[in-house]
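Undergrad: Provided herewith is a single structure, encoded as structure tokens, for subsequent inquiry.
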């Protein structure tokens, strides 16, 4: 397997749009606007047979007329016209292409797709697509996604890289990433994978310093052997979260109808994922729970969890969730912690784990409770439950927890469940790098994944 | 077991507040404001040793001074003073009491609580509490909940009745019910259960025509035998969703510390719940998934599910979720449906289940797809997936699905996942009685619960 250099795709020095259009409804216009809106600093070339200027910019009739060698060319023209322009790209020594157009193997047009694949190989072009949304890399201000901007929000810059064949799943994920408040490194919807496929992308992201965690949605791995080779290495470098749709027979049949994925049984996939320390998600929501914890948290020293809460019931439910995990257990607080807590806690607080601070607890009581626990050698990870509906919980409390997170070496996450007032604080905490979960189940899943991944990684090294 | 009449608690003809206060920060003021804000139509008596008028209203020194017999008295005074006023309530033949004050068994003051219990029995007062939020019944405009209004939202009137010991869990649930958009019938936080307990409340709600589904959070059932007797009957009347915290040993220990719950093993509880067709939730979020489907959906004719989607990947994931359930299966569309669909669907739509309408599908294509399926004898329940991030999905589509729901005899639910634009439509659909789920997992859980409950109910009848 030759490693492919996908740098021109993700960090192009210049770009061209073939099928650039003056019509605001056209993909070739939306993508131009994207580059302008993102503030892309390189040269943007526009290409169209109709060479009337667009937004006052010069339009070339062909990439062959452009003097510079092009790093990245986006093609947004009807399928039938693609081979001709791709041939020109080859002759112009274009380094990479994002082919967003549909009308290839996904509608049975296999021959046309094979032709594209052959041309990409012949001219050594790294081609993403066809039938895809393409690439978003907010750091280099690349964005080929032609999505209705008012329908979904754009995430902040961060460490999660996401790859998916499906544009629809990809756009949901992008929307949810923003909603969850964590940060995106790279996003790729690679569609039919005529050339660049998941293995190429995973390998690139494995070596990408801006990516802390690789998250992928797939309906079937095409190059099994290459994937297996990569799987051995990739989780040594960084965590990989995978959602493989088509787990059941009916699901696999639906996947075949969707992307013509012809994958082996899910069991065989799953065995590989497990063997090599992948984190396996069963649902899009689970995928996000995992992505979030891997983005912000480092390796825990062990599996002993302390739970601090302002609602007794929520503490019990979280204890159930932690105790139900085969991999996690409740911490036994050290004598020093107990002594410190018994000095600062009011009488109604029972000094134990879970530590129920009661509904009137505010920033001061949380501070006094967390301080010994941060330094407790018996505690490896901390769950802070905040029911923002209670009288004592307010923005000062959220700020206090954010402050403690900053000085905290151990993984610490929050559980907060509710609507407006809670959501406001969730955003406040998430955007400060403190992961917030909406249920004990989700929190336990995330901490288990974190523990298991680093146990795998450290064991194998 | 004598059936207790809790009508005076839930539908009082008149109310009194002992500990009524002019201080806006005091519970005895907040509860008065509640009654005024809700528009409670009966007479509201205020009682306090200090008889200075409050908001221009007369204040009585004791309930004994009130001439009318009182249906419901709310007591919000320090624990030590409770026996004296409760004695007066007894002498005044008060029918029911909501004792919100804390300071009883939950802080080790067992003797004081026993005294309260004995007085309630002696005078035949239905007493809720102590240490509770009390009762909300929006239809009769009763609301004893002293919660900070800006921290949580109030749900609309509907068919879900919720009971919990815990005030904190209760307030989270209330907030989430509003967030989910479905409707509340009765809410009870019953605290230490010195007198009225979960069995009394369940029995009342079993016979309450305004309640479609009973949802409860408990850390331990106190009267095992009475509960068992009731369990045999209650699920014949209506669905019951139960979240029993303290499932694990550590959780049970935490529950004991929280509410002194001394329950048998979770396994023994669970066996009873299962035997009598209770729907068992493991998390607050799951509790809501179940509550929602039982509020709006009637008995399905079978377990065959049709899936319609505008995102292929979401269709595959939902197929996986349905196929992973032991109780559900994918419907095989009838020949008549296939024929009708092949006439109306564009060529790129593969006529199968799941039916992937593609990302450009709007209201018309959804209508054309759903119409045959509504009438398909091979389909018992329908999942409509709408990815609102796609170009074709908009408010017209949401309105179309709401319209089809109105004429639909079969259970139909929606999956929509996303942030602002999606949430807006979620509220729109939920408030029209169309349940919306945020993941395939949640949707499958809900439909499975619906199918299992009615299979149990119809089998046993």
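Residue numbers (the working numbering), protein chains in the order written: chain A, 36 to 496; chain B, 36 to 496. All C-beta atoms, glycine included, are put in the ideal place defined by N, C-alpha and C.
1. My understanding is that residue 484(B) touches residue 225(B), with C-beta atoms under 8 Å, so please give their C-beta distance in whole angstroms.
2. Between residue 440(A) and the ligand SAH, is the CB less than 6 Å from at least one heavy atom?
3. Could you tell me which whole alpha helix (DSSP H) segments of length 4 or greater appear in the segment 422 to 455 of chain B?
4. Using alpha carbons as the reference points, say which of 397(A), 90(A), 256(A) and 285(A) lies closest to residue 308(A).
5. Per DSSP, what kind of secondary structure is residue 166(A) in: helix, strand or coil?
6. Could you work out which residues of chain A lie near residue 186(B), taking near to mean beta carbons separated by less than 7 Å?
7. Using the beta-carbon of each residue, which ones in chain B are nearer than 8 Å to residue 471(A)?
8. Does the beta carbon of residue 36(A) sit closer than 7 Å to a beta carbon anywhere in chain B?
9. Hey, how far is the Cα of residue 123(B) from the Cα of residue 46(B)?
10. Apply the 10 Å Cβ neighbour rule to residue 275(B) and answer buried if 16 or more other Cβ atoms are within range, or exposed otherwise.
11. Thinking C-alpha only, which one of 219(B), 125(B), 337(B) and 52(B) is nearest residue 489(B)?
12. With a threshold of 16 other CB atoms inside 10 Å of the CB of residue 318(A), please say whether the residue is buried or exposed.
13. Assuming residue 80(A) and residue 125(A) make a contact with CB atoms under 8 Å, what is their CB distance in whole Å?
14. Are any of the Cβ atoms in chain B nearer than 7 Å to that of residue 190(A)?
15. Could you tell me which of 480(A), 474(A), 447(A) and 477(A) sits nearest to residue 464(A), measuring between CA atoms?
16. Name the chain A residues that come within less than 8 Å of residue 203(B), Cβ to Cβ?
17. Between the segment 318 to 333 of chain B and chain A, which residues of the former have CB atoms less than 9 Å from a CB of the latter, in chain order?
18. DSSP three-state call for residue 53(A): helix, strand or coil?
19. Could you name the residues of chain B that residue 218(A) contacts, counting a contact when the two beta carbons are closer than 9 Å?
20. Kindly list the residues whose CB is nearer than 7 Å to the CB of residue 66(B), restricted to its own chain and excluding five residues on each side of it in sequence; keep chain order.
21. Label residue 459(A) either buried or exposed according to how many other C-beta atoms from any shown protein chain fall within 10 Å of its C-beta, with 16 as the threshold for buried.
22. Within the chosen definition, does the segment 420 to 430 of chain A reach the segment 393 to 401 of chain A through at least 3 CB pairs nearer than 8 Å?
23. Are there 16 or more other CB atoms within 10 angstroms of the CB of residue 442(B), so buried, or fewer, so exposed?
24. Which residues does DSSP pair with residue 72(B) in a beta bridge?
25. What does residue 207(B) reach in chain A if we use C-beta pairs closer than 8 Å?
26. Does residue 142(A) get closer than 7 Å to chain B when you measure Cβ to Cβ?
27. Between which two residues does the beta strand (DSSP E) containing residue 196(A) stretch?
28. Enumerated in chain order, which unbroken segments of the beta strand (DSSP E) with a length of 3 residues or greater are wholly contained in the segment 139 to 188 of chain B?
29. List, in chain order, every chain A residue whose beta-carbon is nearer than 7 Å to that of residue 383(B).
30. Could you tell me whether the Cβ of residue 285(A) comes closer than 7 Å to any Cβ of chain B?
31. For residue 311(A), which residues of its own chain have a beta-carbon under 7 Å away from its beta-carbon, when the five flanking residues on both sides are left out?
32. Going straight from the alpha carbon of residue 16(A) to that of residue 55(A), what length do you get?
33. In chain B, which residues lie with their C-beta within 7 Å of the C-beta of residue 289(A)?
34. Is residue 363(B) helix, strand or coil by DSSP?
35. According to the neighbour-count rule (16 or more other Cβ atoms, all chains shown, within 10 Å of its Cβ), is residue 76(A) buried or exposed?
36. Extract the residue ranges of the beta strand (DSSP E) inside the segment 106 to 134 of chain B, only unbroken runs of 3 or more that lie entirely within it.
TA: If we stick to the structure as given:
1. Locating residue 484(B) in the second chain gives position 449, where the first residue counts as 1. Locating residue 225(B) in the second chain gives position 190, where the first residue counts as 1. Actually they are not in contact, since the Cβ atoms of residue 484(B) and residue 225(B) sit about 25 Å apart, beyond 8 Å.
2. Judged by which ligands are present, the structure shown has none, so any question about the ligand SAH falls away.
3. 430 to 441
4. For the purposes of this step, residue 308(A) is taken as residue 273 along the first chain, with counting starting at 1. The shortest Cα separation from residue 308(A) among 397(A), 90(A), 256(A) and 285(A) belongs to 256(A).
5. Residue numbering aside, residue 166(A) sits at position 131 when the first chain is read from its first letter. The answer is coil: DSSP assigns residue 166(A) none of H, G, I, E or B.
6. If you number the second chain from 1, residue 186(B) lands on position 151. Correct list: 423, 424 and 456.
7. Start at 1 with the first residue of the first chain, and residue 471(A) comes out as number 436. Neighbours of residue 471(A) on chain B: none; closest Cβ ~14 Å, over 8 Å.
8. Locating residue 36(A) in the first chain gives position 1, counting from the first residue. Low per-residue confidence applies at residue 36(A): pLDDT is 45, beneath 50, and the placement is therefore not dependable enough to give any value.
9. To locate residue 123(B), count along the second chain from 1; it is residue 88. To locate residue 46(B), count along the second chain from 1; it is residue 11. C-alpha separation (whole angstroms): 22 Å.
10. Taking the second chain and counting its residues from 1, one reaches residue 275(B) at position 240. Burial call: buried.
11. Residue numbering aside, residue 489(B) sits at position 454 when the second chain is read from its first letter. Selected option, being the one with the closest Cα: 337(B).
12. As a working note, residue 318(A) is residue 283 in the first chain. With 16 or more other Cβ atoms within 10 Å, it is buried.
13. The residue given as residue 80(A) occupies position 45 in the first chain. The residue given as residue 125(A) occupies position 90 in the first chain. Incorrect: roughly 17 Å between the Cβ atoms, too far for contact.
14. For the purposes of this step, residue 190(A) is taken as the residue at position 155 of the first chain. With 7 Å as the cut-off, residue 190(A) does not count as an interface residue toward chain B.
15. For the purposes of this step, residue 464(A) is taken as residue 429 along the first chain, with counting starting at 1. Here the closest residue by C-alpha is 447(A).
16. For the purposes of this step, residue 203(B) is taken as the residue at position 168 of the second chain. Neighbours of residue 203(B) on chain A, chain order: 345, 346, 347, 348, 349, 394, 422, 424 and 425.
17. 318, 319, 320 and 321
18. Working through the first chain from its first residue, we reach residue 53(A) at position 18. Note: residue 53(A) maps to strand in three-state DSSP.
19. As a first step, residue 218(A) is located in the first chain; it is residue number 183 there, counting from the start. Result: empty, since nearest Cβ-Cβ is about 15 Å, beyond 9 Å.
20. In the second chain, residue 66(B) corresponds to position 31, counting from 1. Within the same chain, residue 66(B) has close Cβ partners 52, 109, 111, 179 and 181.
21. In the first chain, residue 459(A) corresponds to position 424, counting from 1. When all chains shown are included, residue 459(A) counts as exposed.
22. yes
23. Here the question's residue 442(B) lines up with position 407 in the second chain. So residue 442(B) counts as exposed.
24. Here residue 72(B) corresponds to residue number 37 of the second chain, with the count starting at 1. Paired residues: none, contrary to the question.
25. Your numbering for residue 207(B) matches position 172 in the second chain. Per Cβ cutoff of 8 Å: 346, 349, 422, 424, 452 and 453.
26. Taking the first chain and counting its residues from 1, one reaches residue 142(A) at position 107. Judged by the 7 Å Cβ criterion, residue 142(A) is in contact with chain B.
27. Taking the first chain and counting its residues from 1, one reaches residue 196(A) at position 161. First-last of the beta strand (DSSP E) with residue 196(A): 191 to 199.
28. 161 to 163 and 169 to 172
29. Looking up residue 383(B) in the second chain gives position 348. Per Cβ cutoff of 7 Å: 142.
30. Taking the first chain and counting its residues from 1, the one referred to as residue 285(A) is at position 250. With 7 Å as the cut-off, residue 285(A) counts as an interface residue toward chain B.
31. Taking the first chain and counting its residues from 1, the one referred to as residue 311(A) is at position 276. These residues qualify, in order along the chain: 266, 267 and 270.
32. No answer is possible for residue 16(A): the residues shown for chain A start at 36 and end at 496.
33. Here the question's residue 289(A) lines up with position 254 in the first chain. Neighbours of residue 289(A) on chain B, chain order: 350, 351, 354 and 389.
34. Sequence index remark: in the second chain, residue 363(B) carries index 328 (1-based). DSSP places residue 363(B) in coil when its eight states are reduced to three.
35. The residue given as residue 76(A) occupies position 41 in the first chain. With fewer than 16 other Cβ atoms within 10 Å, it is exposed.
36. 107 to 110 and 131 to 134
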